[in-house]
């Protein structure tokens with residue numbers, strides 16, 4: 012997954028233990044990251060949709076990690092795009108999620 016994200020983000024890709032972040036869902040999320048990378052090179056419309064799905068997984072794990080954010084239901088990304096707690100604690104994640112989701 013790290014190589015797929017590095018392909019998308021370039022040298023700005025963070026060093027993250029993605030297996031630890033996503034736990035038992037890692038294999039599914041890794042596959043999604045691979046699709047994101049492939050679509051980024053071939054089909055921008057599909058890329059945006061694939062990245063929106065990746066962001067769903069990311070938000071799901073973030074909300075599980077930080078219970079102070081409240082609750083998040085996978086598939087309901089629009090429900091958190093105006094979250095003041097998400098904006099205060101993780102503005103870059105919110106910016107990414109909102110930007111991608113609003114381009115669909």
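Numbering (this note's numbering), first residue to last: 12 to 115. Ideal placement from N, C-alpha and C gives every residue a C-beta, glycine not left out. These numbers come from a predicted model, not from an experiment.
Report task. Please report how far the alpha carbon of residue 46 lies from the alpha carbon of residue 79, in whole angstroms. Result -> 31 Å
Query - Buried/exposed call for residue 71, threshold 16 Cβ in 10 Å - result: buried
Report task. Taking residue 87 as part of the alpha helix (DSSP H), name the residues at either end of that continuous run. Result -> Looking at the DSSP string, residue 87 is not in any alpha helix (DSSP H), and its letter there is neither H nor E.
Query raised in the report: Going by Cα to Cα distance, which pick from 49, 56, 66, 54 is closest to residue 33?
Result: 66
Query raised in the report: Under 8 Å between the Cβ atoms of residue 109 and residue 85?
Result: no
Query raised in the report: Using the rule of at least 16 other Cβ atoms within 10 Å of the residue's Cβ for burial, across every protein chain shown, is residue 90 buried or exposed?
Result: exposed
Report task. Could you check which residue in 54, 28, 12 has the C-alpha nearest to that of residue 38? Result -> 12
Query raised in the report: Starting from residue 12 and walking both ways along the alpha helix (DSSP H), at which residues does that stretch end?
Result: Run containing residue 12: none; DSSP gives neither H nor E here.
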